[in-house]
Amino acid sequence: MRGRWLGALALVALAVAPWALARHQLSLLTDLLIFGLFALSLDLIMGYTGMVSFGHAAYFGLGAYGSALVLIHFEQPIPVALLAGALLAGVIAVPVGWFSTRAREIYFAMLTLAFAQLLYTVAYKWRDLTGGSDGIAGVPKTTLYWGGPSVAGPHAFYAVVAVSVVLSLIVCRALVASPFGRALQAIRENERRFISLGRDPRVFKLTVFVIAATFAGLAGALFAPFRGFASPEVMFWVLSGQGLMMVITGGIGTLVGPIIGAMVFILIQEILSSYTEHWMIFTGAIFVLMVIFLPGGLVGTARRLATRA
Amino acid sequence: MSVANVVEQLLNALALAGLLFLVSAGLSLVFGILRVVNFAHGVFYMLGAYFGVTSVAVTGWFWPSLLLVPPVVGVVGAMLEASTLRFIYRRPPIYQLLLTFGLALILEESVRVVYGPTALGVEPPALLQGAVEIAGTFYPRYRLFLVVLGLAVGAVVWLLLTKTRTGLVIRAVAQNSEMADCLGADVTRVRTLVFGAACALAGLGGVAAAPMTTAYLGMGISVIVDAFVVVVIGGLGSIPGSMAGSLIVGAAQTWGAFYLPETAMVIMYAVMGAILIFRPWGLFGEEE
C-alpha cells in the first residue's frame, strides 16, 4: 500500500517538475531519467535473471547511434528515431546474447564485456558511418510526429523522456510479474531445478537479454537527441560499470531501485565533480563501501527497515 | 610472403603472448583460489608499468626495477585484499567483481593524480636495445626477451604449483577450501598470498611492457579485456589454459593486425566464439 502511494507521489512530482524546476534543473532531471532507464534495463537481466552483463553500455550506445543517424540523415519524428535506436540495440543483442548465454555467471560477464569492447571498437573505427572518435554531433530534436509540434524545447523533450521512462517502467513491471518473469526468477534461484523441470533456460535468457538491450537502446536513443551527439564514449566499459553501480546503489532486483540509484549516483558525481576533478576516486570508494555494507542498495535496505518497523 | 616475414610474425605473436600470459596467469590463479574475477587485475599491470617508470628514473637501472617493482605491486594488492575483499567471500560472486571494479576506479584515478595524464616511456636496458638477425630478418632484442620471460615465468609458476608443498596447499584450497581449512591450512592467509602473488605477476608484466608500450592510463583496461578473452578461451583457473589462451590471442591479434588491420579485434572474438561453441568452459577449464 505504502509503495503505491510513493509511486503516485513520484508520478505527481514528475508531472509538476517542468513548472517547479529551473531550466538547468529540468535538464539535469531529464539526464537522470535517461540513465535511470538504462539502469532499469540492466536490472531486468541482473536482478531478475541473475545474469550480470558487464557490457550493457554497448546497447545504450547502439541506441544512441541508431537514433542519431535517423535524426541527422532522415529527419524523422522522435518516435521513429527512438524505435530505430531500440531496434538496432535489440537486433545486435541477438547474436551477442546467443553466444554469451552459452556461458554462465562470471563467463557471461566476461563475454558481454568482450563483445561490448568489440562494438566500441567498431564504432571507433568505422569513421564513415559513426564519425570515429569525434562521434556524430548536431543531432536535432525533431518533432513529435510527421508535421507535428517540435520537441526541441526543454519542457517538451523532458515530457518525451519522462513518458518513455514511466511507460518502460510499467512494461518492465508487468514483464517481471508475468509467467515469463516468474520463469526468469526461477532460473535465478535455481537453474538446475529449472532444467530438471523440463524447461530450457537458454531461450528465456536470450529473450530477456534482447529485451534488456532494447530498453537500454531506448535510453541511448533518448540520450543522443537530448545531448545532441553520439560518440564512442557512450559505449565504453566505464558506462557499463557505472550501470552496475547504479543498480547496486539503488537496489538489485527492484526495478524502481536502479532508477533511484542512477539518480543518486549521477547527483553524487555532479556534486563531487564541482569540488574535485578526481571524483572517480571518491565514487570508487563510496561504491566499495556500498558493496561491503549495503548489499541490498538503498531501496532494498529501506524495504528491510520498513518491514522490520 | 617470405620466410623472414613468417618468422617475424611468429616472434611478434610469441612476445605478445608472453605479456598476456603474465597478466592472465594471475587472473586465472586468483579465480582458482578465491573464486573472484579480479577486475582490478589490469590496473595492477598498469601500476607495475608506472612504478617501473619511477624506479628506472630514480635508480637509472632497468634490471633492479624488474626485480623490485613486482613485490611492491604485490604488497599493494595483498593489502587491498585484506582490507576489502576478505569480508565478502560469502556473497554471490558478482559482488566481488563489483568490488574490484570500485578498486580499479580508485587506483586508475590515483595513478592519474600522481603521474598525470601523459604517457611515460622507459628506455630498455643497453643489453636489450637494437636488433638481432634471425632467419634473415632483423628482430628487436627486447621482444625476444619478452618471449623468454613469459616462458620462464610460466615454468616457475607451474613448478611452484605442482612440485612444492606451498603449491600443494594452494591447489588444496582451490579444490575444496573448507576441507583444506579443516585439515589445517590457513585459508585466509593462502588467499591473501595468492592475491598478492597474482598482482605481483601482473606488476612484472607491467614493468616488462613499459619499454615496449610506454606506461599510459587505460593500459589496464585494454589488457584486462584481452586477459578475459585469454582465460575464457583457456578456461578459468588453469595455468596451462592461460598459456594456450595467450598463444591463441597473441597469434590472432598479430596476424589479424598484419592481414586485416581494421578488423584485428574481430578475429580475436571470432576465435573465442568458435572455441566457446564447442567448449563453453574453455579449452582447459572444468565444467561447473
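Same order as they appear, the protein sequences are chains E and H.
So the first sequence is numbered by the numbering used here: it starts at 1 and just counts up by one.
So the second sequence is numbered by the numbering used here: it starts at 1 and just counts up by one.
Ideal placement from N, C-alpha and C gives every residue a C-beta, glycine not left out.
Residue range of the alpha helix (DSSP H) that includes residue i
{"i": "H:E8", "result": "V3 to L34"}
{"i": "E:T254", "result": "First-last for E:T254: undefined, no H or E at that position."}
{"i": "H:W255", "result": "I239 to Y259"}
{"i": "H:M212", "result": "V187 to T213"}
{"i": "E:M290", "result": "W279 to F293"}
{"i": "H:S110", "result": "P93 to Y115"}
{"i": "H:Y89", "result": "Where H:Y89 is concerned, there is no enclosing alpha helix (DSSP H), given that its DSSP letter is neither H nor E."}
{"i": "H:E286", "result": "From DSSP, H:E286 is part of no alpha helix (DSSP H); its letter is neither H nor E."}
{"i": "E:W126", "result": "Taken as a continuous stretch (DSSP letters only), E:W126 belongs to no alpha helix (DSSP H), as it is neither H nor E."}
{"i": "E:Q25", "result": "R23 to T49"}
{"i": "H:W63", "result": "F62 to S83"}
{"i": "E:G90", "result": "I78 to S100"}
{"i": "E:L197", "result": "Premise fails: E:L197 is in no alpha helix (DSSP H) and is neither H nor E."}
{"i": "E:A300", "result": "First, the residue type needs correcting, since residue 300 of chain E is Gly and not Ala in the sequence shown. G297 to R308 is the span of the alpha helix (DSSP H), which, as asked, contains E:G300."}
{"i": "H:R279", "result": "Where H:R279 is concerned, there is no enclosing alpha helix (DSSP H), given that its DSSP letter is neither H nor E."}
{"i": "E:R182", "result": "P179 to E189"}
{"i": "E:P18", "result": "R2 to A20"}
{"i": "E:H56", "result": "Neither: E:H56 is in no alpha helix (DSSP H) and is coded neither H nor E."}
{"i": "H:G184", "result": "No alpha helix (DSSP H) holds H:G184; DSSP gives it neither H nor E."}
{"i": "H:L46", "result": "Correcting the residue type first, residue 46 of chain H is Met in the shown sequence and not Leu. Its alpha helix (DSSP H) spans residues H41 to T59."}
Cross-strand partners of residue i (DSSP beta bridge)
{"i": "H:I170", "result": "None; H:I170 has no bridge partner."}
{"i": "E:I136", "result": "E:A230"}
{"i": "E:S240", "result": "E:S240 pairs with nothing; no bridge assigned."}
{"i": "E:S150", "result": "E:T143"}
{"i": "H:L120", "result": "H:A215"}
Where the beta strand (DSSP E) through residue i begins and ends
{"i": "H:V132", "result": "A131 to I134"}
{"i": "H:F138", "result": "T137 to P140"}
Burial state of residue i (16 or more Cβ within 10 Å)
{"i": "H:D226", "result": "buried"}
{"i": "E:M311", "result": "As displayed, chain E neither begins before 1 nor continues past 309, which places residue 311 of chain E out of reach and without an answer."}
{"i": "H:I134", "result": "exposed"}
{"i": "E:K205", "result": "buried"}
{"i": "E:V94", "result": "exposed"}
{"i": "E:T101", "result": "buried"}
{"i": "H:L183", "result": "exposed"}
{"i": "E:Q117", "result": "buried"}
{"i": "E:S316", "result": "There is simply no residue 316 of chain E to check, as chain E begins at 1 and stops at 309 in what is shown."}
{"i": "H:S238", "result": "buried"}
{"i": "H:K163", "result": "exposed"}
{"i": "H:P64", "result": "exposed"}
{"i": "H:I94", "result": "buried"}
{"i": "E:V13", "result": "The amino acid occupying residue 13 of chain E in the given sequence is Ala; Val does not appear at that position. So E:A13 ends up on the exposed side."}
{"i": "E:P179", "result": "exposed"}
{"i": "E:S164", "result": "buried"}
{"i": "H:R90", "result": "exposed"}
{"i": "E:I106", "result": "buried"}
Whole-Å CB distance - residue i paired with residue j, under 8 Å assumed
{"i": "E:L113", "j": "H:F228", "result": "6 Å"}
{"i": "H:T188", "j": "H:R86", "result": "7 Å"}
{"i": "H:A197", "j": "H:V73", "result": "Wrong, their Cβ atoms sit about 10 Å apart, outside the cutoff."}
{"i": "E:G135", "j": "E:A230", "result": "6 Å"}
{"i": "E:L33", "j": "E:V161", "result": "5 Å"}
{"i": "E:G181", "j": "E:A64", "result": "Not confirmed; about 28 Å, so no contact."}
{"i": "H:A49", "j": "H:A215", "result": "4 Å"}
{"i": "H:F284", "j": "H:G235", "result": "4 Å"}
{"i": "H:V207", "j": "H:L66", "result": "5 Å"}
{"i": "H:V16", "j": "H:Q253", "result": "It is worth fixing the name first, because residue 16 of chain H is Leu in this sequence and not Val. Yes, they are in contact, since the Cβ atoms of H:L16 and H:Q253 sit about 6 Å apart, within 8 Å."}
Contact test: residue i Cβ vs the ligand MN heavy atom, cutoff 8 Å
{"i": "H:Q253", "result": "The ligand MN is absent from the structure shown, which contains no ligand whatsoever."}
Measuring CB atoms only, is the region 98-107 of chain H touching the region 231-249 of chain E, in the sense that at least three cross pairs come out at less than 8 Å? yes
The region 159-177 of chain H touching the region 13-33 of chain H, judged by at least three CB pairs closer than 8 Å: yes
For the region 149-161 of chain H against the region 18-30 of chain H, are there 3 or more C-beta pairs whose distance is under 8 Å? yes
Does the region 143-152 of chain E come close enough to the region 16-25 of chain E to have 3 or more Cβ pairs within less than 8 Å? no
At least 3 beta-carbon pairs within less than 8 Å: the region 65-82 of chain H vs the region 253-270 of chain E: no
Sufficient close CB pairs (3 or more, under 8 Å) joining the region 156-171 of chain E to the region 65-74 of chain E: no
Take every Cβ of the region 116-129 of chain H, pair it with every Cβ of the region 290-298 of chain E, and state whether three or more of those distances are shorter than 8 Å. no
Contact between the region 123-131 of chain H and the region 236-254 of chain H: three or more CB pairs below 8 Å? no
The region 4-11 of chain E touching the region 22-29 of chain E, judged by at least three CB pairs closer than 8 Å: no
Below 8 Å, how does it come out for the region 254-263 of chain H and the region 43-57 of chain H: are there three or more Cβ pairs, yes or no? no
Could you say if the region 80-90 of chain E and the region 210-229 of chain E meet the contact criterion of at least three C-beta pairs nearer than 8 Å? yes
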